[in-house]
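Protein chains: 2
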Amino acid sequence: MKVLVIGGDGYCGWATALHLANKGYEVGIVDNLIRRYWDSELGVDTLTPIASIQKRIAHWQDLTGKKIDLFIGDITKYDFLQDAFAKFEPSAVVHFGEQRSAPFSMIDREHAVLTQVNNVVGTLNILYAIKEHCPECHLVKLGTMGEYGTPNIDIEEGYITIEHNGRKDTLPYPKQPGSFYHVSKCQDSLNIHFACRVWGLRATDLNQGVVYGVLTEETGMDELLINRLDYDGVFGTALNRFCIQAAIGHPLTVYGKGGQTRGFLDIRDTVRCIEIAIANPAEQGKLRVFNQFTEMFSVLDLAHMVQKAGQTMGIKVEIDHLDNPRVELEEHYFNAKNTNLLDLGLQPHFLSDALLDSLLNFAVKYRDRIDLTQILPKVSWRR
Amino acid sequence: MKVLVIGGDGYCGWATALHLANKGYEVGIVDNLIRRYWDSELGVDTLTPIASIQKRIAHWQDLTGKKIDLFIGDITKYDFLQDAFAKFEPSAVVHFGEQRSAPFSMIDREHAVLTQVNNVVGTLNILYAIKEHCPECHLVKLGTMGEYGTPNIDIEEGYITIEHNGRKDTLPYPKQPGSFYHVSKCQDSLNIHFACRVWGLRATDLNQGVVYGVLTEETGMDELLINRLDYDGVFGTALNRFCIQAAIGHPLTVYGKGGQTRGFLDIRDTVRCIEIAIANPAEQGKLRVFNQFTEMFSVLDLAHMVQKAGQTMGIKVEIDHLDNPRVELEEHYFNAKNTNLLDLGLQPHFLSDALLDSLLNFAVKYRDRIDLTQILPKVSWRR
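Order-wise, the sequence lines are chains B and Y. To convert, count from 1 in the first sequence and add 670; that's the working numbering. To convert, count from 1 in the second sequence and add 670; that's the working numbering.
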């Protein structure tokens, strides 16, 4: 079975491409490497030194004998995308190929427009490419739990049954995205849902939580296969950032009260969730939605866990409450369902001291690469 | 009070600009005239011969002594838009400046991408321009009833209170748009809602039904002020198209069974609704939603009404059921609320024989301009 991983040079994409290759799928990577360019533009860098995509893939083949096809180009250019589809003939497409940072989308108007045009046009092009080249192909699309916002009722998986004035229907779950990036994911979901209804395509929208961790079975095989790990104020996500801050004695940067509760998952579960989604394709004509996270924590919970794990390693960890650069509720109800993937066999890796130790150890190992000037948030939602 | 009408050269925009000017508002029109270009591209034309925007405005000034400012340019170019805001300093912005045809968005991939990029970027730019130049300014944005689709429960005005597992919240009404154009309007709503929450802007989303009619008090003053009237398969909406078909003895083109029920309103109510929205601005920080229609009809109801009106004028009208080029339910529940505008004083013009007569008479008057080759739908949702 042939799987095209779009955005296969990124944090989740690279880990997924190798995992699927390891499990016997024929894998092709599509990527325009723009994320590496954005790093340069912002003057930030992954904590872990990552090899070029060409070297990564060559080394993977040396180690395992498994070949990964590479298509370097921009999916917002339809000719390029069509060509990759025609050459590779995928039976599933995993789409990570989007601008994925909320702060990046909030830098200014240009970055908001870039994020939405890039993400919406890329996804539209993929939908047309599937329709025209392989209508049976299963699209596995990365969404985000942030599409839902923080409603005062339980968050279901994509749809909710509503009783209203004596009648009943099951409708798309209402969305309250919290940044222009999160809006772009909702915009995509609308297009994918429409394409499934009208053209009979099949798709799975994975509303993923915040991913943490650096190693998977495959990326841990060799230093040349190492995955990126971001800690900066634009691309760094909460737990990874906290561990790296702890390792260098920087206070953990909790935004506001830290009562913001979100869904989280280990990157080893990310790759497994994608594998499960591909192995159990959505029905023709349906957009299926899975909430892809394994545990819920508040940001302050996370900070306390990192503090505790630091103590056992002899690292003193302080917690700073910064003015929240985002506009979000800091105390709210949050109860999201995540049973669909568990029902299909996901065995979660729960966040444990062991994982925190390994993340902290990674951070200590590469501490010389940390740029202190990149740790604090520089993008304000209100600006 | 200064009102900037974006898209002021179009069907609803032109009628609104004149109406507001007549009511004493200082009016500026922003338009890139792309709709006239799309007509050329598709080889279609308005039934009524419309003057150039420059001649229209000059003639309006000659007749009434009222000046309308004109800014010709593309709102997806931020420099141009900013410049118009800085020069005009609006206290309200009415945004009609979008690609507004569902079939146009379904022609092919290029037209889908054009529609969404044009509409989403234009609206994003307006939000940034308001935030940067006039944060108190009230944005009145044209949405569409088609954002809701045809759910099996009552359609509320933008938000719905949901009780779920013993808890309750009022959330954005779930959307099931029926074309890439309708998706673009939902995409806009997400951005506007976000900008109101995060930046404290004020906006009104007018989810408008299908507009019919050609004359308003102002566009009827003189032939040089006449409004456009579209009857072609791409830009022509149901009732206008039916009247024009009736006038030349062409069978009415009902898609499928014709059981599709929608909200409708007279263009004289469109202009009055905009006036009401401007006179009663939304609260700072709020996206208010009004469903802007006055009556609900099925497409077949409309056809029968045109048939009856034709009879009284001695015109024999036949009804054809075409294969439905769209993907939509032809029998469904549809009950949408529309009390917000009525509560603010809207006095609806209901669809009457008199109105149908006047539309039919218009069609008869300009029958020599009708291009028979443009009447049938050429765009299929499934293609």
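Virtual Cβ for every residue (Gly too), placed ideally from N, Cα, C.
#1: Kindly indicate if chain B contains any beta-carbon less than 8 Å away from that of D824 (chain Y).
#2: Between I830 (chain Y) and chain B, is the shortest Cβ-Cβ distance under 8 Å, so that the two count as touching?
#3: Got a sec, what are the start and stop residues for the alpha helix (DSSP H) D909 (chain B) sits in?
#4: Using DSSP bridges, identify the partner residues of N1010 (chain Y).
#5: Looking at C-alpha atoms only, which residue of B:F774, B:G883, B:L733 is the closest neighbour of L1025 (chain B)?
#6: Quick check on G803 (chain Y) - is its C-beta less than 8 Å from some C-beta in chain B?
#7: Report all residues from its chain with a CB closer than 8 Å to the CB of K725 (chain Y); omit the five preceding and five following residues, and keep chain order.
#8: Run down chain Y in chain order and give the residues with a C-beta less than 9 Å from the C-beta of N861 (chain B).
#9: State the start and end residues of the unbroken alpha helix (DSSP H) segment that holds K855 (chain Y).
#10: If you scan the region 700-755 of chain Y from start to end, which runs of the alpha helix (DSSP H) of 4 or more residues do you find wholly inside it?
#11: Below 7 Å, is the gap between the Cβ of H920 (chain B) and the nearest heavy atom of the ligand NAD?
#12: Given that K956 (chain Y) touches chain B, what residues does it touch there, using C-beta distances under 8 Å?
#13: Residues bridged to H920 (chain Y) by DSSP?
#14: Any residues in the region 730-761 of chain B with a beta carbon nearer than 8 Å to a beta carbon of chain Y? Which ones, in chain order?
#15: Please state whether the Cβ-Cβ distance between L1021 (chain Y) and Q962 (chain Y) is less than 8 Å.
#16: Nearest CA to the CA of Q731 (chain B): which residue from B:G698, B:T718, B:W708, B:A756?
#17: Let me check one thing: in DSSP terms, what residues is K962 (chain Y) bridge-paired to?
#18: Should G694 (chain B) be labelled buried (16 or more other beta-carbon atoms within 10 Å of its own) or exposed?
#19: Quick one: Cα of M983 (chain Y) to Cα of V787 (chain Y), how far?
#20: How many Å lie between G926 (chain B) and F850 (chain B) at the Cα?
#21: Whose C-alpha, out of Y:V924, Y:K986, Y:I1045, Y:V941, is nearest the C-alpha of D971 (chain Y)?
#22: Determine the chain Y residues that contact W1051 (chain B) at a beta-carbon separation under 7 Å, and present them in chain order.
#23: Kindly indicate which residue of Y:S854, Y:Q915, Y:G683, Y:F934 has the alpha-carbon position closest to the one of E965 (chain Y).
#24: Which same chain residues end up closer than 6 Å to L690 (chain Y) when comparing Cβ atoms and leaving out the 5 residues on each side of it in sequence?
#25: For G698 (chain B), which three-state DSSP category applies?
#26: Rank Y:S761, Y:A1033, Y:L1046 by C-alpha distance to the C-alpha of G903 (chain Y) and give the top, closest one.
#27: Given 8 Å as the limit, is there contact between the region 816-834 of chain Y and the region 809-820 of chain B, that is, 3 or more CB pairs closer than that?
#28: Along chain Y, which residues have their Cβ under 8 Å away from the Cβ of R837 (chain B)?
#29: Which chain B residues are close to P842 (chain Y), counting only those with a beta carbon under 8 Å from its beta carbon?
#30: Give me, in chain order, the residues of the same chain whose beta-carbon lies closer than 6 Å to that of L797 (chain B); leave out the 5 immediate sequence neighbours on both sides.
#31: May I have the straight-line CA-CA distance separating A721 (chain B) from W708 (chain B), to the nearest angstrom?
#32: What in chain B is Cβ-close to Y925 (chain Y), meaning under 7 Å?
#33: By the three-class DSSP mapping on this structure, what secondary structure does V810 (chain Y) have?
#34: Mind checking if F864 (chain B) is an interface residue toward chain Y, Cβ cutoff 8 Å exclusive?
#35: If you reduce the DSSP assignment to three classes, tell me which class K1035 (chain Y) lands in.
#36: Report yes if the CB atom of A762 (chain B) is closer than 8 Å to the CB atom of H808 (chain B), and no otherwise.
For this structure:
#1: yes
#2: yes
#3: Note that residue 909 (chain B) is Leu in the sequence shown, not Asp. Residues 908-917.
#4: DSSP lists no partner for N1010 (chain Y).
#5: B:G883
#6: This sequence places His at residue 803 (chain Y); Gly is not what is there. No, no contact with chain B.
#7: L894
#8: A782, Q786, F850, V853, Q857
#9: 850-869
#10: 704-712, 723-734
#11: The ligand NAD is absent from the structure shown, which contains no ligands of any kind.
#12: Those within 8 Å of K956 (chain Y) in chain B number zero; the least Cβ separation is about 14 Å.
#13: Answer by DSSP bridge pairing: none, since H920 (chain Y) is not bridged.
#14: Y748
#15: no
#16: B:G698
#17: A small fix is needed here, since residue 962 (chain Y) is Gln in this sequence, not Lys. DSSP output for Q962 (chain Y) lists Y:Q878 as bridge partner(s).
#18: exposed
#19: 45 Å
#20: 21 Å
#21: Put simply, of Y:V924, Y:K986, Y:I1045, Y:V941 the residue whose alpha carbon is nearest the alpha carbon of D971 (chain Y) is Y:V924.
#22: V868
#23: Y:F934
#24: V673, V697
#25: strand
#26: Y:L1046
#27: no
#28: N822, I823, D824, Y1003
#29: P844, K845, Q846
#30: Same-chain partners within the cutoff: A865.
#31: 16 Å
#32: Neighbours of Y925 (chain Y) on chain B: none; closest Cβ ~15 Å, over 7 Å.
#33: strand
#34: yes
#35: In the structure shown, K1035 (chain Y) falls within a helical segment according to DSSP collapsed to helix, strand and coil.
#36: yes
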